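The structure appears below as structure tokens.
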Amino acid sequence: MVPGQQFRCYCRWTHPNYLEPAVIDLYPEDISPQVIHCRVTNKSSQLSFYISFTYGLYTVVNRRSMWEKLLELGQPLNMPWIILGDFNCVKSPAEKQLGVPPTWYELKDFSDCCLALGLHDAQTTGCYYTWYSNSDSNPVWCKLDRVLLNNDWLEGFHCTAHFNPPGCLSDHSPGIVSIFDNPAPKPKPFRFFNMWADHPDFIPTVERRWGLNVEGTPQFRLCRKLKALKSSLKAFNNMHYSHISVRAKEADLALQVAQTHLESNPGDVTVRDSLGDLRKKATFLAEAERHFYFQKAKIHFLKQGDRNTKFFMIW
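So that you can map any letter, position 79 of the sequence shown is 79 in full-length UniProt numbering, and since no number is skipped, the others follow by simple counting.
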């Protein structure tokens, strides 16, 4: 891509106007062995964003200069930013199939970089694993190639990525990245739910993210930690509270089934021992559901009674 630089990344623009100098200005602002960082500007609309192409080296130690470069580029950035390429490492154990499982030592640098910069995977279709070892005796699949977006991109731009099978020319899946094809959906504002504070894992989740090592001014460190915490709390909510009414109903039904079974089979020790946990779970989720609707309705004076939903009609 750049004369004199050993960088194993091939990119091809499919839109006829994307590389037309009269329309698009693409200027490489920073070139390093593992990252090429460019500013892209549409001359007619003056719309600008940053794009970084990556090629991670083969060892954890050698890749650290790539993470350091991305942190150096991204921490002062307050514009839409897209990062794409071969990172040569996975971000979680689920992104590797067969072979030796990745260790936390191998995962940590990538995970910490994404948390510090507020990076998210673009919506992806096609092949989940983008690299294959091409070995019949030791087959391994990994997600080494990806497209990452920062929060500024998510707030204003659209992006999808599609990875095709590797074919015969490479062991990597070629990726097709589409931007601006569809209007970006309006981002949902972050909302703190009071019910989170009642969960035993809430405080440890906050402490882990607040302990993130971030360098910079106090205001910058605060901003980065809040962004990292926001991402973790969204995942926390999805894990424990998504579809809260369905969860509460299922927990209550499981409790009723156990109670009915125990009435007919009082000697069933297994069910009798599980009754306490079932009741605790049903009570916890019912209370969480009540807090959810209470906060959503923003009727702070209402503590009991009709709340104009199906849930409150049967409470």
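Backbone N, C-alpha and C define an ideal beta-carbon position, used for all residues, glycine too.
For clarity, every value in this text was computed on a predicted model and none was experimentally measured.
Give the secondary structure of residue i by DSSP, where H, G and I count as helix, E and B as strand, and everything else as coil.
i: R191; result: coil
i: A161; result: strand
i: T125; result: strand
i: V271; result: helix
i: Y293; result: helix
i: residue 316; result: Since the first residue shown for the chain is 1 and the last is 315, residue 316 is missing from the structure and cannot be characterised.
i: S264; result: helix
i: residue 324; result: This structure cannot speak to residue 324, because the chain is shown only from 1 to 315.
i: E250; result: helix
i: P102; result: coil
i: E207; result: helix
i: N238; result: helix
i: P218; result: helix
i: M66; result: helix
i: G74; result: helix
i: D277; result: helix
i: V257; result: helix
i: K227; result: helix
Per DSSP, which residues does residue i bridge with? Please list them.
i: I244; result: Per DSSP, none; premise fails for I244.
i: Q97; result: W141
i: P28; result: C38
i: F53; result: I36, L84
i: V147; result: L84
i: S178; result: T160
i: Y132; result: W141
i: H120; result: L149
i: H172; result: W131
Classify residue i as buried or exposed, calling it buried when 16 or more other Cβ atoms lie within 10 Å of its own Cβ.
i: Y128; result: exposed
i: A288; result: buried
i: P80; result: buried
i: W131; result: buried
i: I90; result: Before going on, a small fix: residue 90 reads as Val here, not Ile. Answer is buried; the Cβ neighbour count reaches 16.
i: K296; result: exposed
i: H300; result: The predicted position of H300 is uncertain, since its pLDDT is 45 and thus under 50; a value taken from the coordinates is nonetheless stated next. H300 is exposed by the Cβ-count criterion.
i: N134; result: exposed
i: D201; result: exposed
i: Q304; result: Low per-residue confidence applies at Q304: pLDDT is 48, beneath 50, and the placement is therefore not dependable, though the value from the model is reported in the following sentence. Q304 should be labelled exposed.
i: S173; result: buried
i: M313; result: Low per-residue confidence applies at M313: pLDDT is 48, beneath 50, and the placement is therefore not dependable enough to give any value.
i: L222; result: exposed
i: N62; result: exposed
Please look up how many angstroms separate the CB atoms of residue i and residue j, rounded, as I've assumed it's under 8 Å.
i: C38; j: L47; result: No, C38 and L47 are not in contact; Cβ-Cβ is about 15 Å, not under 8 Å.
i: A286; j: A254; result: Contact doesn't hold; Cβ gap of about 13 Å is too wide.
i: L148; j: D121; result: 6 Å
i: L98; j: V140; result: 5 Å
i: F292; j: F193; result: 6 Å
i: S44; j: V23; result: 7 Å
With a threshold of 6 Å on Cβ separation, who are the neighbours of residue i within its own chain once the five nearest residues in sequence on each side are excluded?
i: I176; result: H162
i: G74; result: L117
i: G85; result: C9, F53, T54, Y55
i: residue 325; result: The structure shown does not extend to residue 325, since the chain is modelled only from 1 through 315, so no value can be given for it.
Apart from the five residues just before and just after residue i, which ones in its own chain have a Cβ nearer than 8 Å to its Cβ?
i: L212; result: D112, L115, A116, R224, K225, A228
i: A282; result: A248, A251, D252, A254, L255
i: T205; result: S232, L233, F236
i: Q259; result: L275
i: W153; result: F49, P80, W81, I82, C159
i: Q123; result: C159, T160, A161
i: G216; result: Q75, R224
Which same chain residues end up closer than 7 Å to residue i when comparing Cβ atoms and leaving out the 5 residues on each side of it in sequence?
i: R279; result: L255
i: P93; result: P101, P102
i: C142; result: V90, E95, K96, Y129, W131
i: W210; result: K225, L229
i: A184; result: Residue placement at A184 cannot be trusted, given a pLDDT of 48 that sits under 50; the coordinates are not used to answer.
i: F311; result: Its pLDDT being 48, under 50, F311 is placed unreliably in this model, and the coordinates cannot settle the point.
Cβ of residue i less than 8 Å from any chain D Cβ?
i: S173; result: In the displayed structure, chain D is absent; only one protein chain is listed.
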